[in-house]
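Here is the structure we will look at, set down as structure tokens.
Residue numbers (the working numbering): 3 to 407.
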């Protein structure tokens with residue numbers, strides 16, 4: 003790809019990002035409502051559109067009132083929201099409950115914390131217990147005065163236990179999806195149940211995760227089960243995982259999964275750190291640059307991008323100084339690819355699968371583990387083109403992992 007083409011692509015990407023940002027900012031400005039104090043539930047509901055009110059109705063699962071006009075629907079919600087407060091809070095985790103309590107403890111109003119996103123605010127709006135407002139000319143959040151007064155009546159030790167339990171369910175599930183990509187909901191329930199050594203109600207688990215998926219935007223429901231939001235092609239990823247039935251899920255510990263389940267987590271392996279250090283020898287990278295590159299590269303590898311695609315991505319980001327640099331970056335990327343976890347390998351790295359197969363063969367096991375292609379930087383060839391692909395897909399190597407290496 004020549005430099006003119008690369009520059010055109012870079013400019014097009016920059017313009018597209020700028021346009022999307024401007025549209026998003028215009029849309030988000032409509033979120034903040036001018037409402038006079040005291041912030042009563044009815045006046046806050048009047049500031050919302052009929053569509054926003056209907057979303058609250060759906061979240062609370064209120065039946066038989068879908069055809070009501072706005073004024074009548076508001077009267078129904080003024081009664082329903084306080085009566086559902088405990089049930090709403092019992093679906094929250096520590097972060098959301100902590101935000102609700104913080105607002106309540108500040109007389110029902112605060113400026114929006116820096117770590118709370120627009121998407122998270124919209125998710126909380128859908129329950130009708132937290133509202134975005136203009137507060138002294140700035141963006142603020144309020145809890146209606148009726149709910150501020152009611153909290154002490156619904157808060158008890160049992161509620162706190164449920165919130166702690168929800169937090170653990172959510173973080174473990176997000177951690178499992180971080181490493182596995184796509185997992186059927188019933189399988190996730192079994193995995194979390196095994197990790198916690200306790201029975202879990204399927205419907206209750208699903209309700210908690212639905213609420214969390216709206217707030218954290220890290221996972222979503224699909225035809226194939228729960229899916230990590232970074233999965234590019236859910237169907238393809240699910241099918242590739244399914245082909246490898248002889249590979250078991252990598253046995254991560256509870257602590258590893260809780261760590262991976264935290265928002266914004268990216269596993270920074272030794273090979274990833276080595277790669278970033280290599281880039282820093284040639285380019286000045288800010289902390290933000292490093293975070294962006296690490297996130298993007300990690301997502302590409304998890305989605306089974308090829309080595310060539312990774313090299314082309316970096317060609318878009320940087321000017322390569324010479325041909326020798328291409329060999330160097332390819333070498334470092336090869337090491338990174340071989341030692342990075344893949345969704346299609348159920349959380350294993352290609353190197354782990356290869357070593358597992360070798361170990362089983364050395365011990366003459368009658369149940370050898372399937373392998374995944376490990377790239378040999380020097381020869382770029384580890385298996386014949388027409389041989390069965392060692393990743394366990396059942397395809398010929400040339401039709402499968404050859405293109406990934």
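Glycine included, C-beta positions come from ideal geometry on N, C-alpha and C.
Query, Result
"Residue range of the beta strand (DSSP E) that residue 135 falls in?", "133 to 137"
"So is residue 53 buried or exposed if we call it buried at 16+ other beta carbons inside 10 Å?", "exposed"
"Got a sec, what are the start and stop residues for the alpha helix (DSSP H) residue 65 sits in?", "Run containing residue 65: none; DSSP gives neither H nor E here."
"Among residues of its own chain, excluding the 5 on either side of residue 40, which ones have a beta-carbon nearer than 8 Å to its beta-carbon?", "147"
"Run through the DSSP bridge pairs and tell me what residue 142 is partnered with.", "113, 135"
"With three or more C-beta pairs closer than 8 Å as the rule, is the segment 259 to 279 touching the segment 304 to 323?", "no"
"Scan the segment 271 to 325 and note each continuous alpha helix (DSSP H) run of 4 residues or more that stays entirely inside, going in chain order.", "272 to 282, 289 to 304, 309 to 319"
"Would you mind giving the Cβ-Cβ distance between residue 222 and residue 95, rounded to the nearest angstrom? I have them listed as a contact below 8 Å.", "Not a contact, Cβ separation roughly 17 Å."
"Please determine if the segment 103 to 115 and the segment 83 to 93 are in contact, where contact requires at least 3 C-beta pairs separated by less than 8 Å.", "no"
"Near residue 48, which residues of its chain fall below 8 Å by C-beta distance, leaving aside the five closest residues on each side in sequence?", "76"
"Quick one: Cα of residue 71 to Cα of residue 56, how far?", "10 Å"
"With C-beta atoms as the reference, is residue 298 less than 8 Å away from residue 265?", "no"
"Fully enclosed by the segment 203 to 268, which beta strand (DSSP E) runs are 3 residues long or longer?", "221 to 224, 227 to 230"
"Taking the alpha helix (DSSP H) that residue 41 falls in, what are its first and last residues?", "Counting along the chain, residue 41 falls outside any alpha helix (DSSP H), and DSSP gives it neither H nor E."
"Please state whether DSSP places residue 118 in a helix, a strand or coil.", "coil"
"Identify, in the order they occur along the chain, each residue of the same chain with its Cβ nearer than 8 Å to the Cβ of residue 212, setting aside the five sequence neighbours on each side.", "223"
"Quick check on the burial criterion: 16 or more other C-beta atoms within 10 angstroms. Buried or exposed for residue 116?", "exposed"
"Which residues in the same chain as residue 43 place their Cβ atom closer than 6 Å to its Cβ, once the five residues preceding and following it in sequence are excluded?", "80, 146, 148"
"When we look at the beta-carbon of residue 207 and count the other beta-carbons within 10 Å, is it buried (16 or more) or exposed?", "buried"
"Residue 34 to residue 58, Cα distance in whole Å?", "17 Å"
"Can the beta-carbon of residue 243 be found closer than 8 Å to that of residue 345?", "yes"
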